[in-house]
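Numbering (my numbering), first residue to last: 126 to 448. No residue lacks a Cβ here, since even glycine has one placed at the ideal position from N, Cα and C.
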Amino acid sequence: MTTLASRAGRGLLLWSIPEPVSVGARSLSWNARRSTATKLAERTYTAESKGKFVEDLHLWQSSKMITLKEKPLAGKMGLVLGIANEHSLAYGCAEAFRAMGAELAITYRNDKTKTYVEPLAKELQAEIFLRCDVQEPGHLEAVFEALSKNWGKLDFALHAIAFAPKEDLHGRLADSSREGFLTAMDISCHSFIRMARLAEPLMQDGGALFTLSYYGAEKVVEHYNLMGPVKAALESAVRYLAYEFGPKGIRVHAISPGPVKTRAASGIDHFDELLEGAASRAPVKSLVGIEDVGMATACLATDYAKLITGETVYVDGGYHIVG
Ligand code: NAD
C-alpha cells in the first residue's frame, strides 16, 4: 500500500491505492499516477475503491485521447491574398487549406489578374472573391468588411504578396532609390502589418496569420538585392506581431520556401541559376513545389499547431541548414 498526499486542485488529496495499479494491460508509473491524481483531485480513493478509481481513470483517459480529424480545417474560415495564377504559392496554399476543409475568401490585384484568378477561386469554391490592391486606399478595409459581414470571424489569413520596381530590384541595394525601397517595403511588408491589424478583431477565438519570406532575408543571395532587407523586416515584423497577438491566441508565421518558378520570381535576375543551385545543395536534392508549401502552411493553420508561433518556417528541403 502506498500513500501519497498531494496538493492538487481545490484541496488536499489523500491518495491511497495499492501499487502497482493495473489499468487493462498497463501498469501506471508513479508519474502517471501523480498526474492522474491531479486530474481526479476532487475525489478520494482508498484501496477499497480501487475499482471506482480504474473506472474514472478510463473515463478521464478517453476524454484526453488524441483524435485526428479527417479535415482539420473544417469549420475554419481563411483569407488568401496573392493568387496571380495556378503557379502562385498562394494558390498552392489555398488548395491545401481547402483540401483540409476550410472555407476561403480570395482576392485578386486588378482586372488583368482577375481573368486568371477567377476560375481558380471558383474551383476552390471561394465564398468571397474581391479585388484588393494593397496600395489602393480602402481596398484591404473593404475585404475585411466583407469578411465581417459574411462570416463574422476569421480563423487564418495568408499574405503572399511582394513587389519591387524592376530598376531597383535589378541594381545594387546601395543604389536603390528611396521611392523604390519604400514601395517594396509598403507592398511586401507593411501591407502584412495592416492585414494583421484588420484581422485581429475578427480573431476573437484565436487564429493564424502567415506571410511568405525567403532565405535572402537571412543571408546574402546573389541577385535578391533590395528584397533581402525587405524580407528581413517582414520576418522581424512576424516576431513582433506574434508577441503582441500571442495573448489572444493569434499565431503569426513567416513561411520561407525554396525558389519556385512563379511570376514574381521571374522578376529576379538569373533565377534559373538559383533553382539549379537549390536543387543540388538542398539535403533532399529536390526543388520545392507549391503543394509542399501549401501543405506545410495548412498544417500550421490547424489547431494541432496551436502552440507554435513567431517562426520563420523553411520549406526548402533543408537548404538553409547547409553551411
Ligand atoms: P506570384 O507572382 O504568383 O504572387 C505575387 C502576388 O503578389 C501576385 O498575386 C500579385 O498580384 C501580388 N501583388 C503584387 N503587388 C500587389 C499589390 N499592390 N496589391 C495586391 N497584390 C499584389 O509569385 P509568388 O512567388 O507566388 O509570390 C508570393 C510570395 O512568395 C511573395 O511574397 C514572394 O516574395 C514569396 N516567395 C516566393 C518565392 C519564389 O521562389 N517564388 C520564394 C520565397 C518566397
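Under the DSSP assignment, leucine 425 falls in the alpha helix (DSSP H) whose first and last residues are 415 to 426.
The C-beta of tyrosine 340 has 16 or more other C-beta atoms within 10 Å across all chains shown, which makes the residue buried. Near the ligand NAD, meaning a beta-carbon closer than 5 angstroms to one of its heavy atoms, we find Gly207, Ala209, Ser213, Leu214, Arg234, Asp258, Val259, Gln260, Ala285, Ile286, Ala287, Phe288, Ile312, Leu337, Tyr339, Pro382, Pro384, Val385, Thr387, Arg388, Ala389 and Ala390. The beta carbon of alanine 219 lies closer than 7 angstroms to those of Val205, Ile208, Leu229, Ile231 and Leu249 in the same chain, with the five residues before and after it left out. With 16 or more other Cβ atoms inside 10 Å of its own Cβ, isoleucine 380 counts as buried. In chain order, Lys410, Ser411 and Leu412 place their CB closer than 7 angstroms to the CB of alanine 404, counting only its own chain and leaving out the 5 sequence neighbours on each side. In terms of Cα proximity to alanine 287, the closest of Glu195, Gln186, Gly435 and Val355 is Val355. Every beta strand (DSSP E) of 3 residues or more that sits fully in the segment 183 to 210 is shown, in chain order, as 202 to 206.
Counting only unbroken stretches of 4 or more residues, the alpha helix (DSSP H) elements lying wholly within the segment 209 to 284 are 214 to 224, 236 to 248 and 264 to 275, in sequence order. Taking C-beta atoms under 8 angstroms as the contact rule, alanine 309 and alanine 333 fail to qualify, at a distance of about 25 angstroms. Of the candidates Leu337, Gly414, His445 and Gly383, Leu337 places its Cα closest to the Cα of isoleucine 318. Within the model, the alpha-carbon separation for arginine 303 versus glycine 226 is close to 44 angstroms. In the displayed model, alanine 172 falls within a helix according to three-state DSSP. When DSSP states are grouped into helix, strand and coil, serine 381 belongs to the strand group. Annotated three-state conformation of phenylalanine 288 is coil, per DSSP. Under the three-state reduction of DSSP, valine 409 is assigned to coil, being neither helix nor strand. For valine 355, no beta strand (DSSP E) encloses it; the enclosing alpha helix (DSSP H) starts and ends at 352 to 370.
C-alpha of serine 391 to C-alpha of lysine 291: approximately 11 angstroms in a straight line.
For glycine 448 and serine 316, the gap between their C-alpha atoms comes out near 33 angstroms. A distance of 9 angstroms or more separates the beta carbons of isoleucine 375 and methionine 320. Going by beta carbons, valine 346 and valine 385 fall outside the 9 angstroms limit. The continuous alpha helix (DSSP H) containing glycine 305 extends over residues 303 to 310.
In this model, alanine 367 and leucine 359 are separated by some 12 angstroms (Cα to Cα). For alanine 321, the enclosing alpha helix (DSSP H) stretches over residues 316 to 324. For tyrosine 439, the uninterrupted beta strand (DSSP E) run begins and ends at 437 to 440, by DSSP.
For tyrosine 349, same chain residues with a beta-carbon under 6 angstroms away, outside a window of 5 residues either side, are Gly341 in chain order.
DSSP places leucine 337 within a strand segment (E or B) once states are collapsed to three. With fewer than 16 other beta carbons inside 10 angstroms of its own, lysine 247 counts as exposed. Rounded to whole angstroms, the separation of the alpha carbons of alanine 362 and glycine 383 is 21 angstroms.
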